[in-house]
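Just so you know, the protein sequences line up as chains A and B, in that order.
Using the working numbering, the first residue of the first sequence is number 1, and each one after it goes up by one.
Using the working numbering, the first residue of the second sequence is number 217, and each one after it goes up by one.
Encoded as structure tokens, the structure appears first; notes follow it.
Number of protein chains: 2
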Amino acid sequence: MATSTPNDNLGSESPVPEVVIQRLPLYVRVLSQFSSSGNDLISSEQLGAHLQMTPAQIRKDLSYFGRFGKQGRGYDVAMLEGELRSIMGLNRTWNAAVIGMGRLGRAVVAYPGFAPEGFNIIAAFDASAEIVGQTISGLAVQSISQLTDTVKNLDIKIGIVTVPIDHAQKVIDALVKAGIKSILNYAPLSPQVPEGVTIRGIDPVLSLQSMTYYIR
Amino acid sequence: MATSTPNDNLGSESPVPEVVIQRLPLYVRVLSQFSSSGNDLISSEQLGAHLQMTPAQIRKDLSYFGRFGKQGRGYDVAMLEGELRSIMGLNRTWNAAVIGMGRLGRAVVAYPGFAPEGFNIIAAFDASAEIVGQTISGLAVQSISQLTDTVKNLDIKIGIVTVPIDHAQKVIDALVKAGIKSILNYAPLSPQVPEGVTIRGIDPVLSLQSMTYYIR
DNA sequence: CAGTCTTTGTGATACAAAGCACACACGCAC
DNA sequence: GTGCGTGTGTGCTTTGTATCACAAAGACTG
Chain A
1 MATSTPNDNL
11 GSESPVPEVV
21 IQRLPLYVRV
31 LSQFSSSGND
41 LISSEQLGAH
51 LQMTPAQIRK
61 DLSYFGRFGK
71 QGRGYDVAML
81 EGELRSIMGL
91 NRTWNAAVIG
101 MGRLGRAVVA
111 YPGFAPEGFN
121 IIAAFDASAE
131 IVGQTISGLA
141 VQSISQLTDT
151 VKNLDIKIGI
161 VTVPIDHAQK
171 VIDALVKAGI
181 KSILNYAPLS
191 PQVPEGVTIR
201 GIDPVLSLQS
211 MTYYIR
Chain B
217 MATSTPNDNL
227 GSESPVPEVV
237 IQRLPLYVRV
247 LSQFSSSGND
257 LISSEQLGAH
267 LQMTPAQIRK
277 DLSYFGRFGK
287 QGRGYDVAML
297 EGELRSIMGL
307 NRTWNAAVIG
317 MGRLGRAVVA
327 YPGFAPEGFN
337 IIAAFDASAE
347 IVGQTISGLA
357 VQSISQLTDT
367 VKNLDIKIGI
377 VTVPIDHAQK
387 VIDALVKAGI
397 KSILNYAPLS
407 PQVPEGVTIR
417 GIDPVLSLQS
427 MTYYIR
């Protein structure tokens, strides 16, 4: 779905294309699979086969960040995974907050896939007075009015938006105002965010809609 | 996440770039919002403002399919939405099956967002003998061995994969073998699919991982 | 340790997508 | 019906991304 990200030409930092950044987590994933299946060396060819992309593209992508391979042998799986995690900021944990504790929000806080990857949901918010105060999956649901304070106090860096569509933009604005720079949006709208804030949308309907074209 | 799609140079049909196809549902969404807020004319400028993209790109995208606007006025909202829906194959309903009736599969079949957009989940499958036979959200869970038959009998065109990662590739292969050409994959792996099959992944972790780079 | 084989890293090249800018179509006013 | 304002559709240019292809680096072989 729609994504927006810093163009990142601030100063002279990374001129690394956004697409490349989006592929790195894929590499990390394949590498971790690969290493747990006993291999400790991998070639760009093998990596490419797993991801259905060309070896050249993988080498190009990696070359934005350094020289991690050895000619004639390939890449040390564990080492490359570590390097990529470090580049991406994945060798640490990140605190996240979920806003919207309806059906979807409950599913998100209960989802067991975040924590193992270092994403800890440590706060939950809702607008409804009936839900505020409840404990859901071990989280005490707070009022949205406490958002800014809690974000500051708990060092929350990521906001996950699971409110109904008609509240979504307001909530996103509030997150931005609270200083959040990374937002994961489950609401089916095209959100407006200022430059410098990255937002990614999760929207299965949009994915389905873009597939029917090919089977029409 | 990883997507794969027909390169679509079959015969001499549409040389329409994949990215364009992925944007059309966004246009449809904004148009439907816009019309329900009383407007019946929209310019590429306004559309662009909503989606944070340039007017020129929108006009270019639309020009792949025809000339829908009127100079000096813009686009008739309802008409354009209708045209786009027709182009995308969204002016009909599509039958879908969910494979994997664990936590995630249950959430998917219970999700109320699919049906209003014409995606009807009319079959559910699972490998576990305990789950097969249960009725979940009104669907009688079937054994995966019945997949091919049911797909044929019920005219199912879309497969939604919600099985654990270590079964996902097998299930995807089974769907492909059953003739499914559109797959929505919730399992966190990079699936292998033959050409001619479109697969889209829903993976919040991947989205989070590609955001941390910018706030590292 | 020379020769061969493999696989990287990367400049050069080809391809694809986005943006610009303007001619032209349409609507409206007078 | 002439003239003006607005916004489309699109050829051309610019920007961005992927691929090619090859030199150089390491490993292994006898």
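All C-beta atoms in this analysis are idealised placements derived from N, C-alpha and C, irrespective of residue type, glycine included.
Within chain A, the residues 209, 212, 213 have their CB atoms less than 7 Å from the CB of residue 304 of chain B, given in chain order.
Remark: C-beta atoms of residue 61 of chain A and residue 85 of chain A do not approach each other more closely than 8 Å. For residue 125 of chain A, the enclosing beta strand (DSSP E) starts and ends at 119-126.
Distance between residue 260 of chain B and residue 169 of chain A, taken at the CA atoms: about 22 Å.
Taking a C-beta distance under 8 Å as the contact criterion, residue 402 of chain B and residue 377 of chain B qualify as a contact pair. Interface residue (Cβ-Cβ distance to chain B less than 8 Å): residue 167 of chain A is not classified as such. Nearest in C-alpha terms to residue 315 of chain B, of all of B/236, B/389, B/294, is B/389.
Residue pairing by DSSP puts residue 98 of chain A in a beta bridge opposite A/124, A/160.
Ranking B/344, B/295, B/354 by CA distance to the CA of residue 324 of chain B puts B/354 first.
Residue pairing by DSSP places residue 356 of chain B opposite B/351 in a beta bridge. Beyond the five residues adjoining it in sequence on each side, residue 143 of chain A comes within less than 6 Å, by CB distance, of 132 in the same chain, given in chain order.
Under the 10 Å beta carbon count, residue 194 of chain A is surrounded by fewer than 16 other beta carbons and is classified as exposed. Boundaries of the beta strand (DSSP E) around residue 184 of chain A: 182-185.
Taking a C-beta distance under 8 Å as the contact criterion, residue 379 of chain B and residue 399 of chain B do not qualify as a contact pair. Look at residue 125 of chain A: its C-beta is not under 8 Å from any C-beta on chain B. Non-local C-beta neighbours of residue 387 of chain B in its own chain, meaning closer than 6 Å and more than five positions away in sequence, comprise 315, 377, 379, ordered along the chain. Taking all protein chains shown into account, residue 246 of chain B has 16 or more neighbouring C-beta atoms within 10 Å of its C-beta and is therefore buried.
Where residue 92 of chain A is concerned, there is no enclosing beta strand (DSSP E), because DSSP gives it neither an H nor an E. Of all residues in the segment 112-137 of chain A, only 113, 114, 117, 119 place a beta-carbon less than 8 Å from a beta-carbon of chain B. Judged by DSSP secondary structure, residue 429 of chain B falls outside any alpha helix (DSSP H); it is assigned neither H nor E. With contacts defined as CB atoms closer than 8 Å, residue 256 of chain B and residue 294 of chain B qualify as a contacting pair. The C-beta of residue 403 of chain B comes no closer than 8 Å to any C-beta of chain A. Residue environment for residue 416 of chain B: buried (at least 16 other C-beta atoms within 10 angstroms of its C-beta). Leaving aside the five residues that flank residue 309 of chain B on each side, the residues in its chain whose CB is nearer than 7 Å to its CB run, in chain order, 334, 336.
Annotation: Cβ neighbours of residue 107 of chain A in chain B (cutoff 7 Å, chain order): 323.
For residue 270 of chain B, the three-state secondary structure derived from DSSP is coil. Assignment of residue 149 of chain A by DSSP, reduced to helix, strand and coil, places it in the helix class. Bounds of the beta strand (DSSP E) holding residue 76 of chain A are 74-76.
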